[in-house]
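Heads up, the thing below is written out as structure tokens.
Protein chains: 4
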Amino acid sequence: MEGFGTFFQTGDWKGEKHVPVIHAPEKVTAGEVFELKMSIGDAVGHPNTFEHYISWFKLMYHPEGAKFPIELASFDFAAHGESDIFTEPTGLTSVKLQKSGTIYALSYCNIHGLWMNSQKIEVV
Amino acid sequence: MEGFGTFFQTGDWKGEKHVPVIHAPEKVTAGEVFELKMSIGDAVGHPNTFEHYISWFKLMYHPEGAKFPIELASFDFAAHGESDIFTEPTGLTSVKLQKSGTIYALSYCNIHGLWMNSQKIEVV
Amino acid sequence: MEGFGTFFQTGDWKGEKHVPVIHAPEKVTAGEVFELKMSIGDAVGHPNTFEHYISWFKLMYHPEGAKFPIELASFDFAAHGESDIFTEPTGLTSVKLQKSGTIYALSYCNIHGLWMNSQKIEVV
Amino acid sequence: MEGFGTFFQTGDWKGEKHVPVIHAPEKVTAGEVFELKMSIGDAVGHPNTFEHYISWFKLMYHPEGAKFPIELASFDFAAHGESDIFTEPTGLTSVKLQKSGTIYALSYCNIHGLWMNSQKIEVV
Ligand SMILES: [Fe+3]
Ligand SMILES: [Fe+3]
Ligand SMILES: [Fe+3]
Ligand SMILES: [Fe+3]
Numbered sequence: 001m002e003g004f005g006t007f008f009q010t011g012d013w014k015g016e017k018h019v020p021v022i023h024a025p026e027k028v029t030a031g032e033v034f035e036l037k038m039s040i041g042d043a044v045g046h047p048n049t050f051e052h053y054i055s056w057f058k059l060m061y062h063p064e065g066a067k068f069p070i071e072l073a074s075f076d077f078a079a080h081g082e083s084d085i086f087t088e089p090t091g092l093t094s095v096k097l098q099k100s101g102t103i104y105a106l107s108y109c110n111i112h113g114l115w116m117n118s119q120k121i122e123v124v
Numbered sequence: 001m002e003g004f005g006t007f008f009q010t011g012d013w014k015g016e017k018h019v020p021v022i023h024a025p026e027k028v029t030a031g032e033v034f035e036l037k038m039s040i041g042d043a044v045g046h047p048n049t050f051e052h053y054i055s056w057f058k059l060m061y062h063p064e065g066a067k068f069p070i071e072l073a074s075f076d077f078a079a080h081g082e083s084d085i086f087t088e089p090t091g092l093t094s095v096k097l098q099k100s101g102t103i104y105a106l107s108y109c110n111i112h113g114l115w116m117n118s119q120k121i122e123v124v
Numbered sequence: 001m002e003g004f005g006t007f008f009q010t011g012d013w014k015g016e017k018h019v020p021v022i023h024a025p026e027k028v029t030a031g032e033v034f035e036l037k038m039s040i041g042d043a044v045g046h047p048n049t050f051e052h053y054i055s056w057f058k059l060m061y062h063p064e065g066a067k068f069p070i071e072l073a074s075f076d077f078a079a080h081g082e083s084d085i086f087t088e089p090t091g092l093t094s095v096k097l098q099k100s101g102t103i104y105a106l107s108y109c110n111i112h113g114l115w116m117n118s119q120k121i122e123v124v
Numbered sequence: 001m002e003g004f005g006t007f008f009q010t011g012d013w014k015g016e017k018h019v020p021v022i023h024a025p026e027k028v029t030a031g032e033v034f035e036l037k038m039s040i041g042d043a044v045g046h047p048n049t050f051e052h053y054i055s056w057f058k059l060m061y062h063p064e065g066a067k068f069p070i071e072l073a074s075f076d077f078a079a080h081g082e083s084d085i086f087t088e089p090t091g092l093t094s095v096k097l098q099k100s101g102t103i104y105a106l107s108y109c110n111i112h113g114l115w116m117n118s119q120k121i122e123v124v
């Protein structure tokens with residue numbers, strides 16, 4: 001069986017337009033709701049046409065020392081030119097954590113596959 | 001065949017905790033990206049437990065005079081207590097419009113079904 | 001506020017290519033798992049290109065006399081020509097019911113909007 | 001940055017109840033629609049309760065020699081006891097391929113994280 005995990009590409013979002021950007025505080029208070037945002041194209045825009053677009057984002061969280069990551073949210077971007085309407089790759093939700101860990105931001109371009117980024121967050 | 005549309009409940013979000021709140025400008029410029037947010041519980045909080053939670057949001061757009069609505073985005077809120085992690089019902093994305101119309105915000109509570117709200121937006 | 005429910009179009013799937021077809025038994029045993037399938041294009045094919053495709057299905061269930069419908073499953077069809085790969089609008093899952101009611105099959109064409117069909121099912 | 005790919009667990013579905021089972025022909029004809037099914041629990045059942053369930057499946061395809069995998073479909077299983085209704089982890093769709101490659105079946109248990117399986121398919 002071949003590994004699937006190797007398909008997740010990453011890099012520096014300032015130079016590679018597919019790499020998700022995570023907008024999150026470095027430190028939050030346990031049990032307090034905060035907003036967690038991810039986006040693509042902050043430095044270099046990604047195409048958004050019928051033929052080529054960012055299709056979805058997923059936000060996952062891995063508490064330090066935990067065995068499994070937990071899914072926080074999924075965002076599907078649906079309009080890519082229908083009736084001249086465009087959804088751009090920005091996704092935000094709000095979450096409540098109890099333990100420090102790592103946020104994983106995943107995205108899928110319908111042509112260029114799976115991408116990821118991560119950021120540690122301290123919960124105090 | 002019975003109608004499905006009658007299942008979408010609505011009301012005043014200040015009194016009914018299931019009604020989505022739309023956070024959008026009243027007027028935007030054609031072709032300019034703007035942020036579109038929806039949330040639940042701004043006035044009265046909704047439960048968020050393994051057994052009872054807001055599961056997803058959808059944002060749709062109906063350009064004035066168009067025959068069909070266009071889907072903008074879907075948001076799935078996945079964590080409702082796993083490893084003490086909670087995703088709250090907040091969803092934001094960014095969109096680009098060319099024609100005035102109506103934003104529809106749909107949501108689904110796993111116990112209390114389908115809810116909606118709408119807001120007109122002027123595109124100039 | 002305008003109603004959203006009126007956007008769900010329906011008709012006879014033998015003549016209108018957007019109407020979902022429900023493949024379900026008329027009668028099932030309470031608590032027994034059975035397969036529930038929906039499809040589009042059984043009689044008249046629907047286009048499947050980058051520009052025009054069936055994007056998703058949802059299956060909902062409304063137990064007789066219940067106040068709210070319950071979501072069973074969502075299906076997203078993602079490939080519409082990328083690397084010459086196509087996902088066709090067929091979705092199947094398996095479910096377990098305890099009470100008679102109505103199955104609702106919803107679908108979304110990225111150009112022609114929201115469609116539905118329904119079928120009663122007897123649980124004995 | 002930590003790698004995300006290492007979170008995908010796998011194994012033998014006959015012994016480990018989280019490993020997806022792929023039901024696909026070994027050989028298909030280029031351009032012909034065929035059904036592709038995945039399931040969990042064929043040998044050992046997985047719990048399906050409010051607190052612990054299989055939340056979603058994704059089917060991806062990697063054509064031989066291609067740089068990126070293409071998403072075929074996503075399945076979300078929504079009902080885990082609401083009104084005594086249960087969606088079980090079975091997902092099927094239909095696809096059309098032009099090149100031999102590898103099918104990847106991904107799944108997410110809300111407690112035990114991400115799992116995968118894969119199967120080669122010959123397109124003639
Ligand atoms: Fe791309
Ligand atoms: Fe509720
Ligand atoms: Fe259509
Ligand atoms: Fe599990």
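Protein chains in written order, with full-length UniProt numbering: chain D, 1 to 124; chain H, 1 to 124; chain S, 1 to 124; chain C, 1 to 124. Where a beta carbon is used, it is the ideal one built from N, C-alpha and C, also for glycine. Here the structure is a predicted model, which means the values were calculated and not measured.
Measuring CB to CB, does residue i end up less than 9 Å from residue j?
i: V95(S); j: T29(S); result: no
i: S107(D); j: I22(D); result: no
i: S83(D); j: Q119(H); result: no
i: K109(D); j: H62(D); result: It is worth fixing the name first, because residue 109(D) is Cys in this sequence and not Lys. Not a contact, by the Cβ cut-off of 9 Å.
i: G5(H); j: T6(S); result: yes
i: M116(C); j: F8(C); result: yes
i: E26(C); j: T93(C); result: no
Are the C-beta of residue i and some C-beta of chain D separated by less than 9 Å?
i: E82(S); result: yes
i: K17(H); result: no
i: T10(H); result: no
i: V33(H); result: yes
i: A79(H); result: yes
i: A24(H); result: no
i: K37(H); result: yes
Taking 9 Å as the CB-CB limit, is residue i close to chain S?
i: P63(C); result: yes
i: T93(H); result: no
i: S55(D); result: yes
Output the distance between the C-alpha atoms of residue i and residue j, rounded to the nearest integer angstrom.
i: I70(D); j: G15(S); result: 45 Å
i: G3(C); j: L114(C); result: 14 Å
i: T90(D); j: A73(H); result: 10 Å
i: W56(H); j: F75(S); result: 14 Å
i: M38(C); j: M60(S); result: 21 Å
i: G65(H); j: A66(C); result: 44 Å
i: I85(H); j: A79(S); result: 32 Å
i: G41(C); j: E32(C); result: 29 Å
i: I111(C); j: H52(C); result: 6 Å
i: M1(S); j: F77(S); result: Residue placement at M1(S) is poorly supported in this model, since its pLDDT is 48, which falls under 50; the coordinates still yield a value, given next. Between M1(S) and F77(S), the C-alpha separation is close to 32 Å.
i: A24(D); j: I121(D); result: 8 Å
i: T10(H); j: E88(H); result: 20 Å
i: V19(C); j: H18(S); result: 35 Å
At least one CB of chain C closer than 9 Å to the CB of residue i: is that the case?
i: G113(D); result: yes
i: L59(D); result: no
i: S107(D); result: no
i: T90(S); result: yes
i: Y104(D); result: yes
i: G41(D); result: no
i: K27(S); result: no
i: M1(H); result: Reliability of the predicted coordinates at M1(H) is poor, the pLDDT of 48 falling under 50, and the value obtained from them is presented with this limitation in mind. For M1(H), the answer is no, since every Cβ of chain C falls outside 9 Å of its Cβ.
With DSSP as the reference, please indicate the residues paired to residue i in a beta bridge.
i: W56(H); result: D76(H) and Y108(H)
i: V28(D); result: V123(D)
i: G91(H); result: M38(H)
i: E71(S); result: M60(S)
i: T102(D); result: H62(D) and K120(D)
i: G113(C); result: C109(C)
i: K96(H); result: F86(D)
i: V21(H); result: S39(H)
Verify the CB distance criterion: does residue i have a CB-CB separation below 9 Å to chain E?
i: D76(D); result: The structure shown has no chain E; the protein chains it does contain are D, H, S and C.
Return no unless some Cβ of chain H is closer than 9 Å to the Cβ of residue i.
i: F50(C); result: yes
i: Q98(D); result: yes
i: F86(D); result: yes
i: F7(S); result: yes
i: N110(C); result: yes
i: K120(D); result: no
i: K67(S); result: yes
Practice item. Name all residues in chain order for which at least one heavy atom of ligand 4 lies closer than 6 Å to the residue's CB. Key: H18(C), H46(C), H52(C), C109(C), I111(C) and H112(C)
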